[in-house]
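Enquirer:
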Amino acid sequence: MYLSNTESIFEQKFQISENESAEIEKLAADTFAAFHPYINIRDCGKKLWDEEQGAFIPKHMITKEAFRFGTIYDNLSKTQRKAYKPIFTEGKRKGKPFHYWAHYRRGIMSSEKMAEHIQGEEKYYYTGSPRHRALPYLDIDAHNGETDELRAKELLADICSTSLWTPSDRGQNGHFKLYYGPIRTPDLSHPHFQSLPKTERSALIERIRVGLSPKQVNGLFKRAQTAYSRYLAFHRIECDFEVKGHVTEYSHPTGSMKIVSGLLGKFPFAVWNRQRLEEFKSLPEISWFVWERQIQLLEKMLEEKEDKTKINETATDQVAAEQSGKPKSRAKNERSPDPETCAFTKNRLECLSFVRSYYRDHKSIPSHDDFLTHLKINRLYTGDWDDPQTDRPHRTARILDFTLQNFDPEKLGRGEGRWGNFPVLDWLRDYAKHNFGGLTGTVLKYKDKLIFCDDGTIESGRHCQRCNVSPAFVHHCIRVVLTCMEDLAENDGLPEDRIVKAWNLLSGAPAWNRDHYAIVRNFLEDRGVVDIYDKNHGPNKCWRWRKGRNYPTSPEELQRKLKKCRGIDLGYLFPRETMNSNKDKITPYCKVIETNPPMTAGEDVFEHPPP
Numbered sequence: 001m002y003l004s005n006t007e008s009i010f011e012q013k014f015q016i017s018e019n020e021s022a023e024i025e026k027l028a029a030d031t032f033a034a035f036h037p038y039i040n041i042r043d044c045g046k047k048l049w050d051e052e053q054g055a056f057i058p059k060h061m062i063t064k065e066a067f068r069f070g071t072i073y074d075n076l077s078k079t080q081r082k083a084y085k086p087i088f089t090e091g092k093r094k095g096k097p098f099h100y101w102a103h104y105r106r107g108i109m110s111s112e113k114m115a116e117h118i119q120g121e122e123k124y125y126y127t128g129s130p131r132h133r134a135l136p137y138l139d140i141d142a143h144n145g146e147t148d149e150l151r152a153k154e155l156l157a158d159i160c161s162t163s164l165w166t167p168s169d170r171g172q173n174g175h176f177k178l179y180y181g182p183i184r185t186p187d188l189s190h191p192h193f194q195s196l197p198k199t200e201r202s203a204l205i206e207r208i209r210v211g212l213s214p215k216q217v218n219g220l221f222k223r224a225q226t227a228y229s230r231y232l233a234f235h236r237i238e239c240d241f242e243v244k245g246h247v248t249e250y251s252h253p254t255g256s257m258k259i260v261s262g263l264l265g266k267f268p269f270a271v272w273n274r275q276r277l278e279e280f281k282s283l284p285e286i287s288w289f290v291w292e293r294q295i296q297l298l299e300k301m302l303e304e305k306e307d308k309t310k311i312n313e314t315a316t317d318q319v320a321a322e323q324s325g326k327p328k329s330r331a332k333n334e335r336s337p338d339p340e341t342c343a344f345t346k347n348r349l350e351c352l353s354f355v356r357s358y359y360r361d362h363k364s365i366p367s368h369d370d371f372l373t374h375l376k377i378n379r380l381y382t383g384d385w386d387d388p389q390t391d392r393p394h395r396t397a398r399i400l401d402f403t404l405q406n407f408d409p410e411k412l413g414r415g416e417g418r419w420g421n422f423p424v425l426d427w428l429r430d431y432a433k434h435n436f437g438g439l440t441g442t443v444l445k446y447k448d449k450l451i452f453c454d455d456g457t458i459e460s461g462r463h464c465q466r467c468n469v470s471p472a473f474v475h476h477c478i479r480v481v482l483t484c485m486e487d488l489a490e491n492d493g494l495p496e497d498r499i500v501k502a503w504n505l506l507s508g509a510p511a512w513n514r515d516h517y518a519i520v521r522n523f524l525e526d527r528g529v530v531d532i533y534d535k536n537h538g539p540n541k542c543w544r545w546r547k548g549r550n551y552p553t554s555p556e557e558l559q560r561k562l563k564k565c566r567g568i569d570l571g572y573l574f575p576r577e578t579m580n581s582n583k584d585k586i587t588p589y590c591k592v593i594e595t596n597p598p599m600t601a602g603e604d605v606f607e608h609p610p611p
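1 is the number of the first residue of the sequence shown in UniProt numbering; add one for each residue after it.
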């Protein structure tokens, strides 16, 4: 009876998993059908390891030379295909034979790859379709921790009202459908056409009749990026902005195919479900003529506002110069100062960080004199401090009042500035130093790397790298992780950037290494010191941590175990088999493993590049 119940429960769980997999496959197939008209399935990309930059970056899955070989292969007959054996003449594959499925067919976008992206297994990228349709990708990035990406999204959403917006891990992403083919001839008697010069009017009519070429539509992408960036800068938006998803250009200048790859855009699959798919399907197409007209109007508006701003600044300088009896600070045609170097911007950016640090140290709101003292001591000002003509006192008072109106002490992160003040962590550090050596783990070197054997066969799989983590790194990482565990954020969240921030705040910090940290973190989880019960990572969501069954509870307990097992065993916290007893033995730092080695840590280690 018990066995039958167990089998029925297992069958029920397997059926649920099978149903979910079938639902994702159906969603991916419908998504591929919806995106297919707007992307070039033979020129998509994914994140691949780059040895020069030492990181995973988006790259085209099919190289230019492989695309030429694959295109020729598709147009050959079966007999000709057997005799067609081209050799690569450039790149890392120089001198190697071309394999149709490995080098070309495997890189074509499909519904299976979209299913991998939707499930979070991979990240794929796209370029616009060469058949008169594209999918411009509006990329708002907060690389340096800017907080105005939502404001930037609102400004661009007003202009591109037919966009689908998706949050990312460091910004906002927008997509809209663009048609750049021939359009219905508009009314040529319109004043807009009549005001154009004859040559420009003829060129515009020709573009309306035949549509834009890939080179022309890519020029429109760059023009839109420049105009939108100026528009965001005019509204004091500090985020980076780009327009991606360009169209790949194909030409045959001398009989051989010439390819200019388009700039890759990311699919909006960070948050994707059936409802989001229906939203994408309902988006109307915008013709290139309408988009170009919108960009022209935006450029004209920006020129008028910038000219008006320059006139106002010049008039203000003239009045100030007349009142002070000094010469004008700027000539009429000179550019205004860079807003990033003006005193107002410096004081505004410094004020919020000063208020936060002052409140953490004194548990009170700073006064205007405190702010001025901070600026003077740290020389965060321009010009002469004792100049009676300066507007510094009034300017800083206004900035401080505005900052305090929007300052909420309850939103400050807990525990910042108290790193390393827990006695249990000091005992743990000494305990680990006395009994524990280094660690050995594996990190991903290549994922799904193809190996071309001498017999003509192709092998693929995970290719890892075994690394030795130094004892100093292990000791410090344990101390930092458990320090953060004593003061978790809301909902037990512990983002990696908080660990990185705490890393250098504790004394004796070695150089940070993300792979080595992952090995130590997974070791602590395997030994029951910490329990990471939720590893679903997404936008505005990190892993959820809690204390494990073997988490140290008090310094007295550690001291008892230290006296009881001193120099012999690490007890419940560090098993004896992990100790490095032979410290004089010289072992290589890295050893490449060409098979799938057993993992001592979680599979998430493979998400990071090797050190």
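No residue lacks a Cβ here, since even glycine has one placed at the ideal position from N, Cα and C.
On the DSSP bridge assignment, give the partners of Thr390 in chain order.
Expert: Within the sequence shown, residue 390 is the residue found at index 390, counting from 1. DSSP, once it has assigned bridges, lists no residue as partnering Thr390.
Enquirer: Going by Cα to Cα distance, which pick from Leu212, Phe176, Arg209 and Ile499 is closest to Pro268?
Expert: Residue numbering aside, residue 268 sits at position 268 when the sequence shown is read from its first letter. The shortest Cα separation from Pro268 among Leu212, Phe176, Arg209 and Ile499 belongs to Phe176.
Enquirer: By how many angstroms is the C-alpha of Gly245 removed from the C-alpha of Leu263?
Expert: In the sequence shown, the residue the question calls residue 263 occupies position 263. In the sequence shown, the residue the question calls residue 245 occupies position 245. Looking at the two C-alpha atoms, the distance is approximately 5 Å.
Enquirer: Excluding the 5 residues flanking Ser111 on each side, which residues of the same chain have their C-beta closer than 6 Å to its C-beta?
Expert: On the sequence shown, position 111 is the one that residue 111 refers to. Once the five neighbours on either side are set aside, the close Cβ partners of Ser111 are Ala28, Ala29 and Phe32.
Enquirer: Which value, in whole angstroms, describes the spacing of the CA atoms of Tyr381 and Ser353?
Expert: Within the sequence shown, residue 381 is the residue found at index 381, counting from 1. Within the sequence shown, residue 353 is the residue found at index 353, counting from 1. Those two C-alpha atoms are separated by around 16 Å.
Enquirer: For His475, count the other beta carbons within 10 Å of its own beta carbon; 16 or more makes it buried, fewer makes it exposed. Which is it?
Expert: In the sequence shown, residue 475 corresponds to position 475, counting from 1. With 16 or more Cβ atoms within 10 Å of its Cβ, His475 is classed as buried.
Enquirer: Give me the Cβ distance between Met109 and Cys44, rounded to the nearest whole Å; I'm assuming they're in contact under 8 Å.
Expert: For the purposes of this step, residue 109 is identified with residue 109 of the sequence shown, where counting begins at 1. For the purposes of this step, residue 44 is identified with residue 44 of the sequence shown, where counting begins at 1. Contact flag correct, Cβ pair sits at about 4 Å.
Enquirer: Residues bridged to Pro167 by DSSP?
Expert: For this step, residue 167 is matched to residue 167 along the sequence shown. Answer is Gln172.
Enquirer: To the nearest angstrom, how far is it from the Cα of Lys59 to the Cα of Trp288?
Expert: Mapped onto the sequence shown, residue 59 falls at position 59. Mapped onto the sequence shown, residue 288 falls at position 288. Approximately 27 Å, taken between the alpha carbons.
Enquirer: Taking the alpha-carbon of Tyr137 as reference, which of Arg131, Arg151 and Thr166 has the nearest alpha-carbon?
Expert: Within the sequence shown, numbered from 1, the residue matching residue 137 stands at position 137. Measuring from the Cα of Tyr137, the nearest candidate turns out to be Thr166.
Enquirer: Determine the closest residue to Leu297 out of Tyr359, Val355 and Ala227, with distance taken between C-alpha atoms.
Expert: Within the sequence shown, residue 297 is the residue found at index 297, counting from 1. Selected option, being the one with the closest Cα: Ala227.
Enquirer: By Cβ distance, which residues of its chain are closer than 7 Å to Pro393, with the 5 residues on each side in sequence left out?
Expert: Reading the sequence shown from its first residue, position 393 is the one you call residue 393. Here the set comprises nothing.
Enquirer: Round the Cβ separation of Asp141 and Gly171 to the nearest angstrom and send it over; I've been treating them as touching at under 8 Å.
Expert: As a working mapping, residue 141 is identified with position 141 in the sequence shown. As a working mapping, residue 171 is identified with position 171 in the sequence shown. Right, the Cβ-Cβ distance comes to about 4 Å (below 8 Å), so this counts as a contact.
Enquirer: If the criterion is Cβ atoms closer than 7 Å, does the pair Val529 and Gly548 meet it?
Expert: Along the sequence shown, one-based indexing puts residue 529 at 529. Along the sequence shown, one-based indexing puts residue 548 at 548. Yes. Within cutoff.
Enquirer: Report the partner residues of Ala55 according to the DSSP bridge assignment.
Expert: Working through the sequence shown from its first residue, we reach residue 55 at position 55. Looking at the DSSP assignment, Ala55 forms a beta bridge with Asp50.
Enquirer: Could you please give the first and the last residue of the uninterrupted alpha helix (DSSP H) stretch that includes Leu283?
Expert: Along the sequence shown, one-based indexing puts residue 283 at 283. No alpha helix (DSSP H) holds Leu283; DSSP gives it neither H nor E.
Enquirer: Note down, in chain order, each residue of its chain lying with its Cβ closer than 6 Å to the Cβ of Lys258, except the 5 sequence neighbours on either side.
Expert: On the sequence shown, residue 258 is found 258 positions in, with the first residue counted as 1. Contacts found: Ser251.
Enquirer: If we ignore side chains and look at the alpha-carbon of each, how far apart do Lys215 and Leu524 end up?
Expert: Position 215 of the sequence shown, counted from the start, is the residue given in the question as residue 215. Position 524 of the sequence shown, counted from the start, is the residue given in the question as residue 524. Going by the C-alpha atoms only, they are around 54 Å apart.
Enquirer: Whole-angstrom Cβ separation of Cys484 and Ala502, contact assumed at under 8 Å?
Expert: Reading the sequence shown from its first residue, position 484 is the one you call residue 484. Reading the sequence shown from its first residue, position 502 is the one you call residue 502. Indeed, because the Cβ distance is near 6 Å, the residues count as touching under 8 Å.
Enquirer: Can you tell me which of Arg544, His36, Lys300 and Thr248 puts its alpha carbon nearest to the alpha carbon of residue 614?
Expert: Any property of residue 614 remains undetermined from this structure, which presents the chain solely from 1 to 611.
Enquirer: If you draw a straight line from the alpha carbon of His368 to that of Thr390, how long is it in whole angstroms?
Expert: Here residue 368 refers to the residue found at position 368 when the sequence shown is read from its first residue. Here residue 390 refers to the residue found at position 390 when the sequence shown is read from its first residue. C-alpha separation (whole angstroms): 16 Å.
Enquirer: Flag this pair as yes or no: are the beta carbons of Ala34 and Lys281 separated by less than 7 Å?
Expert: Numbered from its first residue, the sequence shown carries residue 34 at position 34. Numbered from its first residue, the sequence shown carries residue 281 at position 281. Yes. Within cutoff.
Enquirer: For Trp101, count neighbouring C-beta atoms within 10 Å of its own C-beta (all shown protein chains included) and say buried if the count is 16 or more, exposed if not.
Expert: Position 101 of the sequence shown, counted from the first residue, corresponds to residue 101. Result: exposed.
Enquirer: Kindly give me the distance between the Cβ atoms of Ala224 and Val210, rounded to whole angstroms, as I take these residues to be in contact under 8 Å.
Expert: Here residue 224 refers to the residue found at position 224 when the sequence shown is read from its first residue. Here residue 210 refers to the residue found at position 210 when the sequence shown is read from its first residue. Actually they are not in contact, since the Cβ atoms of Ala224 and Val210 sit about 21 Å apart, beyond 8 Å.
Enquirer: Run through DSSP, which three-state label would Pro37 get?
Expert: Position 37 of the sequence shown, counted from the start, is the residue given in the question as residue 37. Here Pro37 sits in helix by DSSP.
Enquirer: For my contact list, Tyr126 and Ile39 are in at a C-beta cut-off of 8 Å; report their separation, rounded to the angstrom.
Expert: Here residue 126 corresponds to residue number 126 of the sequence shown, with the count starting at 1. Here residue 39 corresponds to residue number 39 of the sequence shown, with the count starting at 1. Contact flag correct, Cβ pair sits at about 4 Å.
Enquirer: Got a sec, what are the start and stop residues for the beta strand (DSSP E) Phe407 sits in?
Expert: Indexing the sequence shown from 1 puts residue 407 at position 407. Element bounds for Phe407: n/a, residue is neither H nor E.
Enquirer: Grab me the residues of Arg293's own chain with a C-beta within less than 6 Å of its C-beta, minus the 5 sequence neighbours each way, in chain order.
Expert: Position 293 of the sequence shown holds residue 293. Nothing listed; no residue qualifies.
Enquirer: Could you check what DSSP says for Lys585 in three-state terms: helix, strand or coil?
Expert: Translated into the one-based positions of the sequence shown, residue 585 becomes position 585. Only weak support is given to the placement of Lys585: the predicted model assigns it a pLDDT of 36, under 50, and the value that follows is read from those uncertain coordinates. Correct three-state label for Lys585: coil.
Enquirer: Just to check my reading of the structure: Trp272 and Ile118 have Cβ atoms closer than 8 Å, yes? What is that Cβ distance to the nearest angstrom?
Expert: Position 272 of the sequence shown holds residue 272. Position 118 of the sequence shown holds residue 118. 5 Å between Cβ atoms; contact.
Enquirer: Which runs of the beta strand (DSSP E) spanning at least 3 residues fall entirely within the region 230-304, listed in chain order?
Expert: Listed in chain order, they are 240-244, 249-251 and 258-260.
Enquirer: Could you tell me the distance, in whole angstroms, from the CA atom of residue 632 to the CA atom of Trp512?
Expert: It is not possible to answer for residue 632, since the shown part of the chain is limited to 1 through 611.
Enquirer: Under a three-way DSSP split, which group does Gly219 fall into?
Expert: Working through the sequence shown from its first residue, we reach residue 219 at position 219. In the structure shown, Gly219 sits in a helix (DSSP, three-state: H, G or I).
Enquirer: According to DSSP, is Asp487 part of a helix, a strand, or is it coil?
Expert: Here residue 487 corresponds to residue number 487 of the sequence shown, with the count starting at 1. Correct three-state label for Asp487: coil.
Enquirer: Taking buried to mean at least 16 other C-beta atoms within 10 Å of its own C-beta, is Thr79 buried or exposed?
Expert: Taking the first residue of the sequence shown as position 1, residue 79 is located at position 79. Counting Cβ neighbours within 10 Å, Thr79 comes out exposed, since fewer than 16 surround it.
Enquirer: Quick one: is Ala518 buried, meaning 16 or more other Cβ sit within 10 Å of its Cβ, or exposed?
Expert: Mapped onto the sequence shown, residue 518 falls at position 518. Buried, by the Cβ-count rule.
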